[in-house]
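All residue numbers in the sequence shown are consecutive under the working numbering, ending with 59.
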Amino acid sequence: MNACEIIGSTGHASLDNATCRLIERRARFDPATSTSGETVVGTYTGTVTWQIPD
6 MNACEIIGST GHASLDNATC RLIERRARFD PATSTSGETV VGTYTGTVTW
56 QIPD
């Protein structure tokens, strides 16, 4: 993994930064490959929802 980029901020820099830290540490991806099997750069976009328990 190269980098984490926040596309839609929570409005709280510390929460945005914590999100990237967790993703950079825990996310696991298989390398992206071309049709000929060569490793290429890939992207992933996902949504993280933070919730405060009741």
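For glycine and all other residues, C-beta sits at the position ideal for the given N, C-alpha and C.
Nearest neighbour of residue i, chosen from the options [CA to CA]
| i | options | result |
| --- | --- | --- |
| residue 27 | 35, 17 and 9 | 9 |
| residue 49 | 39, 23 and 35 | 35 |
Cα-Cα separation between residue i and residue j, rounded to whole angstroms
| i | j | result |
| --- | --- | --- |
| residue 17 | residue 25 | 13 Å |
| residue 3 | residue 42 | Missing from the structure shown is residue 3; the chain here goes from 6 to 59 and no further. |
| residue 32 | residue 52 | 13 Å |
| residue 15 | residue 59 | 20 Å |
Neighbourhood of residue i by C-beta, 8 Å cutoff - its chain only, sequence neighbours within 5 removed
| i | result |
| --- | --- |
| residue 29 | 6 and 9 |
Chain-order list of residues whose beta-carbon lies under 6 Å from that of residue i (same chain, five-residue window excluded)
| i | result |
| --- | --- |
| residue 47 | 37 |
Cβ-Cβ distance between residue i and residue j below 7 Å
| i | j | result |
| --- | --- | --- |
| residue 21 | residue 11 | yes |
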